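Here the structure comes first, spelled out in structure tokens, and everything after it is commentary.
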Ligand SMILES: [Zn+2]
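Numbering (this note's numbering), first residue to last: 2 to 332.
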């Protein structure tokens, strides 16, 4: 092949993959959310969970199964060697990091969604080998697993589409009233074939949510509730709730239970989702925290009944936020 032709082929190849990704990773944009199925975000979480499964690392809930590991035998020798090298890197450098509290993992989450098809766009101070691992693994991921993950992500968004569009405005009004902060802009939500051990998580630099599309716990109304819960972790909403709870407990002089603010997020998202179920004529919805048994965890006992007594009446408009915070703090 003459050189000129090779250059043209290379340019065409680079251009078309960039265009493809830029135009296709956003699946849906509503007034308050934009939903994405981004191959880099998906690949990163896939390698992370693959490496964790290989290392036999447990989770806070139940072990994340990675059945794709059984496909490895079908890959060619070079592909398998490259993939194993990427997994080995993840196992060495990232697998033992927590997804909720680790600064590097949270930073990577934001950087990955900005790659726009170019792994070298990642800051140079990231662990050596990360960019190389992602770049080498991407063609293998695309050839064998991405199509199925992307399909599941798009199906998840499609399943939530009409409920989100019909109820997002009343949901935003409720959380602004409940948490005391203002919602601003559009929250980016990346839907992913794998995520962390929970159904999703949110980081704040900028606010960004990842939801696990193929988790049993994120289907149907639970998907909507997880979305509503995670959106409550946006900095402006969460921080004003935390601040006002702190003030209320300071005034009452009592000790604040460590998980109370998070229980309020669960309770409020569950309450909104219950209302959605009623308005849609769907069967009664059991809040995620009750359904998953979270309310019985150590450090959570007693919180849910207290919220039913104080926060529920406030959400229903039968008491003020001040009264609810005072009652919750025993003041
Ligand atoms: Zn949460």
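Glycine residues also receive a C-beta, built at the ideal position from the N, C-alpha and C atoms.
Predicted model only: the values in this text are computed from it and were never measured.
{"Check": "The segment 203-216 / the segment 177-194 touching (three or more Cβ pairs under 8 Å)", "Outcome": "yes"}
{"Check": "For residue 202, the residue or residues it bridges with in DSSP", "Outcome": "211"}
{"Check": "Under the three-state DSSP convention, the category residue 241 falls into", "Outcome": "helix"}
{"Check": "Touch test, the segment 234-247 against the segment 279-289, Cβ-Cβ under 8 Å, three pairs minimum", "Outcome": "no"}
{"Check": "Residue interval of the beta strand (DSSP E) (run including residue 30)", "Outcome": "27-30"}
{"Check": "Per-residue burial, residue 23 [other beta carbons within 10 Å of its own, 16 or more giving buried]", "Outcome": "Low local confidence applies: a pLDDT of 41 at residue 23 is under 50, so the model's placement there is unreliable, with the coordinate-based value given in what follows. Exposed, by the Cβ-count rule."}
{"Check": "Any non-hydrogen atom of ligand 1 within 7 Å of residue 230 CB", "Outcome": "yes"}
{"Check": "CA-to-CA distance, residue 180 to residue 325, given in whole angstroms", "Outcome": "12 Å"}
{"Check": "With 16 other Cβ atoms within 10 Å as the buried cut-off, status of residue 134", "Outcome": "buried"}
{"Check": "Burial state of residue 321 (16 or more Cβ within 10 Å)", "Outcome": "exposed"}
{"Check": "CA nearest to the CA of residue 164, picked from 257, 223 and 143", "Outcome": "223"}
{"Check": "Cross-strand partners of residue 189 (DSSP beta bridge)", "Outcome": "35 and 209"}
{"Check": "Through-space distance from residue 46 to residue 57, alpha-carbon basis", "Outcome": "16 Å"}
{"Check": "Ligand 1 heavy atom lying under 7 Å from the CB of residue 308", "Outcome": "no"}
{"Check": "Cβ-Cβ separation, residue 88 to residue 1 (assumed contact under 8 Å), whole Å", "Outcome": "As displayed, the chain neither begins before 2 nor continues past 332, which places residue 1 out of reach and without an answer."}
{"Check": "8 Å contact criterion, which residue 270 and residue 226 should meet: CB distance rounded", "Outcome": "5 Å"}
{"Check": "Sequence-distant residues of its chain with Cβ nearer than 6 Å to residue 309 (five each side left out)", "Outcome": "none"}
{"Check": "Boundaries of the alpha helix (DSSP H) in which residue 219 is found, first to last residue", "Outcome": "That residue, residue 219, is in no alpha helix (DSSP H); it is neither H nor E in DSSP."}
{"Check": "heavy atom of ligand 1 below 7 Å from residue 292 C-beta", "Outcome": "no"}
{"Check": "Residue 209 beta carbon near ligand 1 (any heavy atom closer than 7 Å)", "Outcome": "no"}
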